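**Student:**
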Amino acid sequence: MKLAVIGTGYVGLVTGTCFAEMGNQVICVDNDETKINMLNNGKIPIWEPGLAAMVNSNVEQERLSFTTDIARAVKESEICFIAVGTPPGDDGSADLQYVLAVAESIALNMDSYKIIVDKSTVPVGTADLVKNTVSAILAERGVDHGFDIVSNPEFLKEGSAIADSMKPDRVIVGTDNQKVADIMQELYEPFSRSRDKTIIMSVRSAEMTKYAANAMLATKISFMNDIANLCEKLEADVEDVRKGIGSDSRIGYQFIYPGAGYGGSCFPKDVKALIRMALKEDSHVRVLEAVEAVNDDQKMVLVNKVKEYYGENLTGRTFAVWGLAFKPKTDDMREAPSIKIIKGLIAAGAKVKVYDPVAMETARKAIGELDGLSYGKDNYSICEGVDGLLLVTEWNQFRNPDFALIKARMRKPVIFDGRNVYTPAEARRSGFEYFGIGRV
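Quick look at the structure:
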């Protein structure tokens, strides 16, 4: 099929590339000329394992191209995917200005029937807004080109987005038109070889499914963090509790790892947006209001542990932070717990040295050059002369470090483990004082 994917951010670039990998002709569009020039020169603006090789392969085979010319992309494509950002507004609701701007551009340039697909995460009812926008512009143009609006939310995990796209758990398609459903099913058929993974539903149900999925996962994380904090007070070990409840097939082991809070481009934004959606309907999603509050507090749990150990005033203390990205296998710093942790330590008078295997450049942009903050060249060098090590992102290379080397470089051998990567016994055998999340 001939596809246009408008927006070459995380979702758009991965989605367009994977469609091309399955033999479709894909034009990826963005109004950021610098980004398009990078892509046309074989450079990838985001860090995602396996993406660069797949992009370059499909460009070489002329199935994938990049342009700022949305008019050409729309005219040459049967299906137009809207994959632009929906950042939170001041009140937490999703900002739809970019989605509706793309809808306008499609309407201004379409010269035949089009299927217009909302790939972006959008509030329930957005498809109606897109439909009204397109209809109004077509009426102004005095043309009667047919079109259908589809909701087809993405379910990509940063760090494994290629695998999630190529072998999805499910494909949600929201449409009331059976012909359109058949076309979308045909498009996704190569991704569903072992079984039919496409679930057809109403447009509004598809829009809600995306938010409900992310909200459920965020709920599991905040629930487990609450349990971990209670475990500390009751002298129970949350790791044992996690194994005990995870073995229940109704609960499972995924997303029940306590830590320093969730971040990223999805969970914080989508939880806020769902809360705002409810408020607009004079309703409350009280569980999600609690989920958000717990997560905000959890991002400071390591700072609080440091203060409990050293006192409220950290002047004269220096700390090393391992890991900056909100999770491993990505350079994404959006809503990363590390930001709040670093600023909290510096606000208390401390100096902070940081390192991340991938996210150093994006961290500099997200955090900036703060007084008392220095960016290191590796995880061992930043331990020189520090009063504590804070592990914030559980990169694999941090899982089995040289504890003797770390201890020799530190002024005070204390570990504050924000992801429970190390066992208390292991750390203490190596001569460290150890503080995890809900560990004893």
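FYI, in my numbering the residues of the sequence shown are 16 to 455. Note that the Cβ used here is the ideal one computed from N, Cα and C, for glycine as well. Here the structure is a predicted model, which means the values were calculated and not measured.
(1) Exposed or buried, what is Glu75 when buried is set at 16 or more other beta-carbons lying within 10 Å of its beta-carbon?
(2) Along the chain, where does the alpha helix (DSSP H) containing Tyr370 start, and where does it finish?
(3) Go ahead and pull the three-state DSSP assignment for Lys17.
(4) To the nearest angstrom, how far is it from the Cα of Ala363 to the Cα of Asp252?
(5) Report buried or exposed for Leu360, applying the criterion of at least 16 other Cβ atoms within 10 angstroms of its Cβ.
(6) Since Met53 is in the alpha helix (DSSP H), which residue starts that stretch and which ends it?
(7) Just to confirm the assignment, what range does the beta strand (DSSP E) spanning Asp432 have?
(8) For Pro64, which residues from the same chain have a beta carbon less than 8 Å from its beta carbon, with the 5 sequence-adjacent residues on both sides left out?
(9) Tell me which residue opens and which closes the alpha helix (DSSP H) that Gly161 is part of.
(10) Just the Cα atoms here: how many angstroms apart are Asp371 and Gly31?
(11) Looking only at its chain, what residues have a beta carbon closer than 6 Å to the beta carbon of Val373, apart from the 5 residues adjacent to it on each side?
(12) In angstroms with no decimal places, state the Cα-to-Cα distance between Ser80 and Val29.
(13) Are the beta-carbon atoms belonging to Asp126 and His160 less than 9 Å from one another?
(14) Answer yes or no: do Ile236 and Gly267 have a C-beta to C-beta separation smaller than 9 Å?
(15) Where does Ala243 land, buried or exposed, given buried means 16+ other C-beta within 10 angstroms?
(16) Where does the unbroken beta strand (DSSP E) through Leu79 begin, and where does it stop?
(17) Could you tell me the boundaries of the alpha helix (DSSP H) in which Phe282 lies?
(18) Taking all protein chains shown into account, decide if Met231 is buried (16 or more other Cβ within 10 angstroms of its Cβ) or exposed.
(19) Over the uninterrupted beta strand (DSSP E) stretch that includes Glu390, give me the two end residues.
(20) Using the beta-carbon count (16 or more within 10 Å), is Pro102 buried or exposed?
(21) How is Pro64 classed by DSSP in three states: helix, strand or coil?
(22) Let me check understanding here. Comparing Cα to Cα, which of Glu384, Glu307, Asp312 lies closest to Gly107?
(23) Residues in its own chain within less than 7 Å of Met223 by CB, not counting five upstream and five downstream?
(24) Cβ of Gly433 within 9 Å of Cβ of Arg349?
(25) How about Ile94 and Leu18: are their beta carbons less than 9 Å apart?
(26) How long is the line joining the alpha carbons of Ala311 and Asp105, rounded to whole angstroms?
(27) Name the two residues that bound the continuous beta strand (DSSP E) containing Gln465.
(28) Using only the alpha-carbon positions, how far apart do Val195 and Glu384 sit?
(29) Check whether the Cβ atoms of Ala10 and Leu339 lie closer than 9 Å to each other.
(30) When you compare only the Cα positions, how much space is there between Ser217 and Gln112?
(31) So, Thr190 versus Val149, is the Cβ gap smaller than 9 Å?
(32) Alpha carbon to alpha carbon, what distance is there between Val20 and Leu115?
(33) Assign Gln269 to one of two classes, buried (16 or more other C-beta atoms within 10 Å of its C-beta) or exposed (fewer than that).
(34) Could you round the C-beta distance between Met69 and Glu36 to whole angstroms and report it? I think they count as a contact, below 8 Å.
(35) For Phe96, which residues in the same chain have their Cβ closer than 6 Å to its Cβ, ignoring the five residues on either side in sequence?
(36) What whole-angstrom Cβ distance do Leu457 and Leu294 have, given they're in contact under 8 Å?
**Tutor:** According to the data block:
(1) exposed
(2) Premise fails: Tyr370 lies in the beta strand (DSSP E), 366 to 370, not in any alpha helix (DSSP H).
(3) strand
(4) 30 Å
(5) By the 10 Å Cβ count, Leu360 comes out buried.
(6) Run containing Met53: 48 to 55, per the alpha helix (DSSP H) assignment.
(7) 429 to 432
(8) Gly174, Ser175, Ile177, Lys344
(9) Where Gly161 is concerned, there is no enclosing alpha helix (DSSP H), given that its DSSP letter is neither H nor E.
(10) 29 Å
(11) Trp62, Asp346
(12) 13 Å
(13) yes
(14) no
(15) Label assigned to Ala243: buried.
(16) 79 to 82
(17) 282 to 295
(18) Exposed, because fewer than 16 other Cβ atoms sit within 10 Å of the Cβ of Met231.
(19) As written in the sequence, residue 390 is Tyr, which differs from the Glu given in the question. First-last of the beta strand (DSSP E) with Tyr390: 388 to 390.
(20) exposed
(21) coil
(22) Glu307
(23) Val139
(24) no
(25) yes
(26) Per the sequence shown, residue 311 should be read as Asp rather than Ala. Straight-line Cα distance between these residues: approximately 17 Å.
(27) A question about residue 465 goes unanswered here, because the residues of the chain that appear run from 16 up to 455.
(28) Taking the Cα positions, Val195 is about 51 Å away from Glu384.
(29) As displayed, the chain neither begins before 16 nor continues past 455, which places residue 10 out of reach and without an answer.
(30) Going by the C-alpha atoms only, they are around 24 Å apart.
(31) Contact annotation: Thr190 and Val149 have beta-carbon atoms that are not nearer than 9 Å.
(32) Going from the Cα of Leu115 to the Cα of Val20 covers about 15 Å.
(33) So Gln269 ends up on the exposed side.
(34) 6 Å
(35) Val20, Val132, Lys134
(36) This structure does not reach residue 457, given that the chain is present from 16 up to 455, and the question cannot be answered.
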